[in-house]
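Under my numbering, the letters of the sequence shown match residues 101 to 305, in that order. Notes for the one structure printed next.
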Amino acid sequence: MRKLCAHPLPWMLAGLLVVGAVLGAVAAALRFRTAVASMQPASHAAQDASEGPAQGQPAVAAPAPSVQEAEVEVPQRLLWPISGRLIRAFGWQYSGTFRDWRWHPGVDIAAPVGTPVRCAAAGRTVAVGTSWEMGLWLKVEHGGGLETVYAHLGSVRVGVGDRVAAGDQVGTVGEPGPGECADGPHLHFEVLIDGKAVDPMAWME
Ligand SMILES: [Zn+2]
């Protein structure tokens with residue numbers, strides 16, 4: 101004892117450990133009580149919710165959207181209209197057809213002639229046409245200024261004004277128009293917002 105008293109450090113350390121352990125236990129006990137206390141309102145709330153309308157409390161529920169509201173819901177994401185290899189991205193790209201760099205307002209996805217092309221989101225067909233650059237093409241509007249364009253088609257399976265659901269077949273891949281003829285059969289796919297082409301990759305699921 102005298103030896104230990106002559107060297108009080110070990111006792112001080114032991115005392116600190118004991119104090120620390122006691123404080124830790126108290127803190128743990130407080131945390132437990134807090135946790136129990138925080139659980140109680142939740143269980144009461146769950147009980148109230150289950151009893152809700154029976155006790156005359158107003159039921160809180162979002163009203164079901166009307167048909168019109170559901171129809172104009174603008175998609176946040178788009179489906180890939182076709183599965184295949186991405187052969188040209190959006191933006192300034194080298195054109196093997198023209199042998200120069202030029203602005204590419206969509207993405208090109210390689211696929212054999214006849215491959216089904218599917219609508220990227222629900223909407224309505226607003227235009228079908230042909231152009232020197234894009235061959236046979238189709239445009240679908242989805243609401244909120246969002247439109248999608250499908251080009252270098254071999255056939256179109258919908259008429260102007262038709263409603264289409266996401267994933268519906270709207271056409272097939274054809275031979276590319278002269279503007280991208282060096283690339284072989286592929287789908288040229290554009291996403292437009294208020295008529296301005298944006299990078300489709302930002303919209304794809
Ligand atoms: Zn293209």
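Glycine included, each C-beta is placed from N, C-alpha and C at the ideal position.
- Around R224, the same chain offers E241, R263 as residues with beta carbons nearer than 6 Å, after the five sequence neighbours per side are excluded.
- Excluding residues up to 5 positions away in sequence, H242, G243, G244, L246 lie with their Cβ nearer than 7 Å to the Cβ of V174 in the same chain.
- The C-beta of L292 has 16 or more other C-beta atoms within 10 Å across all chains shown, which makes the residue buried.
- When the Cα atoms are used, A251 and S231 turn out to be separated by approximately 9 Å.
- Those residues that have a beta carbon less than 6 Å away from any non-hydrogen atom of ligand 1 are, in order along the chain, R188, H204, G206, D208, E280, H288.
- Nearest in C-alpha terms to P278, of all of S195, G191, G184, L179, is S195.
- Taking C-alpha positions only, D268 is separated from T215 by approximately 13 Å.
- Taking every protein chain shown into account, the CB of P212 has fewer than 16 other CB atoms within 10 angstroms, so this residue is exposed.
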